[in-house]
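Colleague:
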Amino acid sequence: MKKAFVDTTILCNALELSGGRRAQSAVAALREYSSTETPYYALRELRAGPLSSWILAHNVLTAENSIEDAVERLGRMSAFRPRQGAVTSLSIITGLLGVLDKQRQAAGAGTIQDFDPKTALEDYLAIQILKAWKKRRSITTKVVQPLACFVDSELKLEDRLLKFDGGAECAKGAACGAALELKKRSPVVTQLLKKVFSPPPKGNVEKREKTRRRQALKEVLAKAPADFPRKDCRALGDAYFCVMAPDDSEILTTNASDFEEMADELGKALKIPS
Amino acid sequence: MTAKAKEIYDQETVATLRTTTTSRLQPLYIPTTVSGRDETGVTILGEDGTGTFFPDSGTLSNVVPLKTGRSLSESQTNAAALSSYRISVESLYPQWEESSEGPGEAIRLLRDATNELQSACDSLCSSELEILNSLVIADGLLFQAIKYSSFNKSFEIALNFCAWAIRNAQGADRERPPLQGMCAALHELQDKPFIDANRVTDLVINLEDQGWDGSSPVSVAFEMALADDWLDLGD
């Protein structure tokens, strides 16, 4: 039986949060397996990352008077926010600028439109977000590996804005569920730290993401899950999928560059959809 | 509503009305002020709180008590729940009938669009041109209705999807099942202008499953412009 262990990039693509063709490719890849599994960690990443960026874009657009104002405000926010999520926000700004370009072209061609582009865009963003979150558990045949800390709450539309019921995605006071799972597999984490995440020779530069992941994996080994810093949970990222993927499954992701070395080291199969 | 359920409903409603200060039989009065934006339905309970007649109709806070001292059996409530009984939006919100702006106008335009689409369904065996014309009129009316639908964002989202879906209609969408699916969705919106986001999401997913495509020039432009490396998971 062919089984896929799905990461967040595939989940996002299949949920149509990354543009048309990517969705088709992800759905086609999923159809090749008789069993597909999404870990709750992917839902957590989806909520905290891409989906939150879409929600931010929707809510800023709704709050502002025009698409131009929304672009300006999102730009200011990206400049002041830490790196986390900034690329996503900037990409969404690019998306909004694409819409503005289209509008200018229509105006230049003297086209009269019977719809308000801002409302159309707001409503499109809202329904994409609502659909994605509603379908999050039905993209794969199973959702596995629940995390005690993750609050899998519902989205609601209140005062024209989108928000999650019950606040933050991390249960207050709960130990980090991802750190707990990795701690149970300490020998595998140690193996990754030695073989994949050894510090680079002096003078060599490595990706910031890799440095943060090394630090987070060290924290997993050094601390009890209850003391694992909440901010480091997302830094575990791809390492979580590589460690937690069942041996009889293929890890399905679009992120070849970050997964390959880890998957190779742990003898896990990797599949990148074409 | 089945005949039996309707009989019980009528008897108990009459019994209720006769015990009130109003001596003559009059239509069941539903107050027009509701406590929440999503509450368009009517719930009728027995004194013990078990006799729900319209369980899918929301959670209207104005509950009509039945004073017969008899609760409804499960089969009776199920039969009622499966019934096609609908309270029209005009009965719930009579003030909208005369309004030429806001919800009243949105509902009027939506009703006209629904009728137009229904006529497209009816024309299926006769004229392709009539179908196309009905679709053009229906989407035009829906785009008008969107302008008056700011009273409920979820309602506006649904109208937006339906308007674009009808405008994008391809050959396959002009067959009977998808057209009937769209008619049913528009009827639902007409009946439940205070529909919530959760139900709208189901409605849109259902329409997409039937082949309707609600994308617009702005959504296409947005998706095309999303950068390749947009997926930042915050690592």
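Chains as they are written, first to last, in this note's numbering: chain A, 1 to 274; chain B, 1 to 235.
Yeah, the Cβ is synthetic: ideal placement off N, Cα and C, and Gly gets one too.
1) Who are the near neighbours of C176 of chain A in its chain, counting only those whose CB is closer than 7 angstroms to its CB and skipping five residues on each side?
2) Between K156 of chain A and the rest of its own chain, which residues show a CB-CB distance below 8 angstroms, the 5 nearest in sequence each way excluded?
3) Please report how far the alpha carbon of P177 of chain B lies from the alpha carbon of Q210 of chain B, in whole angstroms.
4) Kindly indicate which three-state DSSP category E116 of chain B falls into: helix, strand or coil?
5) Distance check for L100 of chain A and R208 of chain A, CA to CA, integer angstroms please.
6) Please identify the residue among A:A256, A:T9 and A:H58 whose C-alpha is closest to the C-alpha of G95 of chain A.
7) Excluding sequence positions up to five away, which residues of its chain have a Cβ less than 7 angstroms from the Cβ of D248 of chain A?
8) Going straight from the alpha carbon of F151 of chain B to that of P103 of chain B, what length do you get?
9) Please report the Cβ distance between R214 of chain A and L193 of chain A, rounded to the nearest whole angstrom; I am assuming they are in contact, meaning their Cβ atoms lie under 8 angstroms.
10) In the structure shown, what three-state DSSP assignment does I131 of chain B receive?
11) K103 of chain A: buried (16+ other C-beta within 10 angstroms of its C-beta) or exposed?
12) Just to confirm, is the Cβ distance from L142 of chain B to A169 of chain B under 7 angstroms?
13) Give, in chain order, every unbroken run of the alpha helix (DSSP H) that is at least 4 residues long and sits entirely within the region 87 to 148 of chain A.
14) Assuming T36 of chain A contacts T141 of chain A under a Cβ cut-off of 8 angstroms, what Cβ separation, rounded to an integer in Å, is found between them?
15) Drop a sphere of 10 angstroms on the beta-carbon of A221 of chain B, count the other beta-carbons inside from all chains shown, and report buried for 16 or more, exposed for fewer.
16) Taking 7 angstroms as the CB-CB cut-off, is S188 of chain B touching chain A?
17) Mind checking which residues open and close the beta strand (DSSP E) that includes A4 of chain A?
18) Per DSSP, A221 of chain B is paired with what?
19) Look at the alpha carbon of R160 of chain A and the alpha carbon of A28 of chain A, and state the distance between them as a whole number of angstroms.
20) Alpha carbon to alpha carbon, how far is W133 of chain A from K184 of chain A? Give it in angstroms, no decimals.
21) Please specify which runs of the beta strand (DSSP E), each continuous and at least 3 residues long, are wholly inside the region 171 to 218 of chain B, giving them in chain order.
22) Can you tell me which of the three DSSP states I166 of chain B falls into?
23) Just to make sure I have the definition right: I need the residues of chain B whose C-beta is within less than 7 angstroms of the C-beta of K131 of chain A. Which are they?
24) DSSP state of L236 of chain A, grouped into three classes?
25) Tell me, which residues are paired with T36 of chain A by DSSP?
26) Find the nearest neighbour of I107 of chain B within the set B:L117, B:L179 and B:S149, judged by alpha-carbon distance.
27) Give the residues from the region 87 to 118 of chain A that approach chain B closer than 9 angstroms (Cβ to any Cβ), ordered along the chain.
28) Which residues, in order along the region 143 to 166 of chain B, keep a beta-carbon less than 7 angstroms from a beta-carbon of chain A?
29) Taking the alpha-carbon positions, what's the V71 of chain A to S219 of chain B distance?
30) So, are the CB atoms of E265 of chain A and V196 of chain A less than 7 angstroms apart?
31) Assuming T38 of chain A and I139 of chain A are in contact, meaning their beta carbons sit under 8 angstroms apart, how far apart are those beta carbons, in whole angstroms?
32) If you check the beta carbons only, do C242 of chain A and K218 of chain A fall under 7 angstroms apart?
33) Please determine, among A:A222, A:I93, A:A171 and A:P146, the residue with the shortest C-alpha to C-alpha distance to S186 of chain A.
34) Compare the beta carbon distance of A165 of chain B and L189 of chain B with 7 angstroms and say whether it is the shorter of the two.
35) Hey, is P178 of chain B's beta-carbon within less than 7 angstroms of any beta-carbon in chain A?
36) Quick one: which chain E residues come within Cβ less than 9 angstroms of S134 of chain B?
Modeller: According to the structure shown:
1) C149, P225, F228, R230 and C233
2) L162, K163, F164 and D165
3) 8 angstroms
4) helix
5) 34 angstroms
6) A:H58
7) K3
8) 7 angstroms
9) 7 angstroms
10) helix
11) Checking the displayed sequence, the identity of residue 103 of chain A turns out to be Gln instead of Lys. Flag for Q103 of chain A reads buried.
12) no
13) 117 to 134
14) 5 angstroms
15) buried
16) The amino acid occupying residue 188 of chain B in the given sequence is Glu; Ser does not appear at that position. Output row for E188 of chain B: interface = no.
17) K3 to V6
18) Answer by DSSP bridge pairing: none, since A221 of chain B is not bridged.
19) 35 angstroms
20) 30 angstroms
21) none
22) helix
23) T201, V204 and I205
24) helix
25) A:A4
26) B:S149
27) V87, T88, S89, L90, S91, I92, T94, G95, L96, L97, G98, V99, L100, D101, K102, Q103, A106, Q113, D114, F115, D116, P117 and K118
28) F143, I146, K153, S154, E156, I157, N160 and F161
29) 16 angstroms
30) yes
31) 7 angstroms
32) no
33) A:A222
34) no
35) no
36) The chain labelled as chain E is not found among the protein chains of the depicted structure, namely A and B.
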